[in-house]
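The next block holds one structure in the form of structure tokens; read it before the comments.
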Amino acid sequence: MFGPGIWRMKRFADSVPGIIDLQREINRLFSNVGQSTALDYPAINVWEKDNSLVVTTEIPGMDAENINISVTGTTLTISGTSQPDPIKEGETYLRQERELGNFQRNVQLPFQVDSKVIEAKYEKGILKITLPRQKEDLPKKIKINL
Amino acid sequence: MSDKDLQKTENIAVTEKIRNVKTFIPRVDIYETRDALFLIAEMPGVDEKTVDVELEKNVLTISGRVEDGKVKDYNLVFSEYEVGDYERTFTLSDEIDREKIKATVKQGVLRLELPKAEKVKPKKIKINAA
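So the sequences go chain by chain: A and B. So the number in this note's numbering is just where the residue sits in the first sequence, counting from 1, plus 48. So the number in this note's numbering is just where the residue sits in the second sequence, counting from 1, plus 384.
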């Protein structure tokens, strides 16, 4: 709730971090009211520059080969699977706070991306996907004839 | 899974840092075997150079320092998670053999093996006549 449409916020790019902080504070104040504010897992941050996007997400402790990234149309899909430590009989977990198992997250992109040049890096448990905009999808400048 | 479980929890008990960063509580799994205690902590953004494990008496502190998480030249347009340091403290009930503690970090996950010490033998104190 009170979530601004993310692509509308681009117009005020400079003030975005401030707005997001404010939004988060407001959401926290009202978090027990009405509908839930449940977020999808994993949480993502989206970054923009000119004609490319970067999506970062924290998914610690995975093996790179267990992470799947795909783009269909303008939908980015991140999915994966992780396993807890196998324990022997008679041993018990005293605490289990980590979220393990399967996850999938779909992200709607604001433009078509060039799937051949998508780059993904997984370092220190942080996945970083760089998505350049497809050339054919760039806005075309139209010349006005006199 | 509720919202609370998915979001990082800020550690408000910790003393404020000089750097203007938030400190989060890393999520942990702990399990026990006959000879050791295993602790697995999720601290995305840390590596072996930026993570710290301290055991003072029976208080175990794990902490990690994280770079600001910004992507160079890019502007943040949408944010669901925050980036900050990690810190968490545990009181251990068992006596730990601190010489044999093993710690590894892989993809932002700290894995600690804390071997239990052999039973501490009662010491006999010799009293000398004055």
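A virtual CB, placed ideally from N, CA and C, is assigned to each residue, including glycine.
For B/Gly448, the three-state DSSP class (helix, strand or coil): Walking along the second sequence from the start, residue 448 of chain B turns up at place 64. B/Gly448 falls in the strand class under three-state DSSP.
Note down, in chain order, each residue of its chain lying with its Cβ closer than 6 Å to the Cβ of A/Leu175, except the 5 sequence neighbours on either side. If you number the first sequence from 1, residue 175 of chain A lands on position 127. Correct list, in chain order: Thr105 and Ile107.
Contact with chain A by B/Leu460, beta-carbon distance below 7 Å: As a working mapping, residue 460 of chain B is identified with position 76 in the second sequence. Yes, its Cβ sits closer than 7 Å to a Cβ of chain A.
Cβ-based neighbour list, B/Glu432, same chain, cut-off 6 Å, excluding 5 preceding and 5 following: On the second sequence, position 48 is the one that residue 432 of chain B refers to. Around B/Glu432: Val489.
Whether B/Phe408 touches B/Tyr470 by CB criterion (7 Å): Reading the second sequence from its first residue, position 24 is the one you call residue 408 of chain B. Reading the second sequence from its first residue, position 86 is the one you call residue 470 of chain B. Contact flag set, yes.
Sequence-distant residues of the same chain with beta carbon closer than 6 Å to A/Ser130, five excluded per side: What you label residue 130 of chain A is simply residue 82 of the first sequence in a count that begins at 1. Within the same chain, A/Ser130 has close Cβ partners Met110 and Leu148.
Span of the beta strand (DSSP E) holding B/Lys441? Within the second sequence, the letter at position 57 stands for residue 441 of chain B. Annotation for B/Lys441: no beta strand (DSSP E) segment contains it, and DSSP assigns it neither H nor E.
Nearest CA to the CA of A/Thr123: which residue from A/Glu73, A/Leu70, A/Pro158 and A/Ile67? The sequence position of residue 123 of chain A within the first sequence is 75, counting from 1. It is A/Pro158.
Give the straight-line distance between the Cα atoms of A/Tyr170 and B/Ile396, rounded to the nearest whole angstrom. On the first sequence, residue 170 of chain A is found 122 positions in, with the first residue counted as 1. On the second sequence, residue 396 of chain B is found 12 positions in, with the first residue counted as 1. Near 30 Å, if we compare the C-alpha coordinates of B/Ile396 and A/Tyr170.
On the CB-based measure, 16 or more other CB atoms within 10 Å of its CB, does A/Met49 come out buried or exposed? Taking the first residue of the first sequence as position 1, residue 49 of chain A is located at position 1. Caution applies to A/Met49, whose pLDDT of 48 falls short of 50 and renders its modelled position unreliable; the value that the coordinates give is listed next. By the neighbour-count rule (16 or more Cβ atoms within 10 Å), A/Met49 is not buried but exposed.
Cα-Cα, which of B/Gly468, B/Asp436 and B/Asp481 is closest to B/Lys406? Your numbering for residue 406 of chain B matches position 22 in the second sequence. Ranking B/Gly468, B/Asp436 and B/Asp481 by Cα distance to B/Lys406 puts B/Gly468 first.
Is the CB-CB distance between A/Leu186 and A/Val161 below 7 Å? Within the first sequence, numbered from 1, the residue matching residue 186 of chain A stands at position 138. Within the first sequence, numbered from 1, the residue matching residue 161 of chain A stands at position 113. No, they are not a contact pair.
What in chain B is Cβ-close to A/Pro132, meaning under 8 Å? The residue given as residue 132 of chain A occupies position 84 in the first sequence. Under the 8 Å cutoff, chain B gives Asp413.
Between B/Gly448 and B/Val430, which are expected to be in contact by the criterion C-beta below 8 Å, what is the C-beta distance as a whole number of angstroms? For this step, residue 448 of chain B is matched to residue 64 along the second sequence. For this step, residue 430 of chain B is matched to residue 46 along the second sequence. Confirmed, about 4 Å.
What is the rounded straight-line gap between the Cα of A/Glu96 and the Cα of B/Asn459? Locating residue 96 of chain A in the first sequence gives position 48, where the first residue counts as 1. Locating residue 459 of chain B in the second sequence gives position 75, where the first residue counts as 1. Going by the C-alpha atoms only, they are around 5 Å apart.
Drop a sphere of 10 angstroms on the beta-carbon of B/Glu451, count the other beta-carbons inside from all chains shown, and report buried for 16 or more, exposed for fewer. In the second sequence, residue 451 of chain B corresponds to position 67, counting from 1. B/Glu451 should be labelled exposed.
Nearest candidate by alpha-carbon position, reference A/Tyr89, set A/Gln182, A/Glu137 and A/Thr125: In the first sequence, residue 89 of chain A corresponds to position 41, counting from 1. Here the closest residue by C-alpha is A/Thr125.
Would you report the Cα separation of B/Leu498 and B/Lys401, rounded to the nearest angstrom? Taking the first residue of the second sequence as position 1, residue 498 of chain B is located at position 114. Taking the first residue of the second sequence as position 1, residue 401 of chain B is located at position 17. Straight through space, the alpha carbons of B/Lys401 and B/Leu498 are spaced by roughly 28 Å.
For B/Glu416, name the three-state secondary structure that DSSP assigns. The sequence position of residue 416 of chain B within the second sequence is 32, counting from 1. Note: B/Glu416 maps to strand in three-state DSSP.
Contact with chain A by B/Gly468, beta-carbon distance below 7 Å: By one-based count along the second sequence, residue 468 of chain B stands at place 84. Not closer than 7 Å to any Cβ of chain A, the Cβ of B/Gly468 fails to qualify, so no.
Burial state of A/Ile190, where buried means 16 or more other Cβ atoms lie within 10 Å: In the first sequence, counting from the first residue as 1, residue 190 of chain A sits at position 142. A/Ile190 should be labelled exposed.
CA-CA distance, B/Asp436 and A/Phe151? In the second sequence, residue 436 of chain B corresponds to position 52, counting from 1. In the first sequence, residue 151 of chain A corresponds to position 103, counting from 1. Using only the alpha carbons, I get a separation of about 30 Å.
Continuous beta strand (DSSP E) stretch holding B/Lys454: start and end: The sequence position of residue 454 of chain B within the second sequence is 70, counting from 1. Run containing B/Lys454: none; DSSP gives neither H nor E here.
Cβ distance (whole Å) where A/Lys172 is taken to contact B/Gly492 below 8 Å: Walking along the first sequence from the start, residue 172 of chain A turns up at place 124. Walking along the second sequence from the start, residue 492 of chain B turns up at place 108. With a Cβ gap of about 5 Å, A/Lys172 and B/Gly492 count as contacting.
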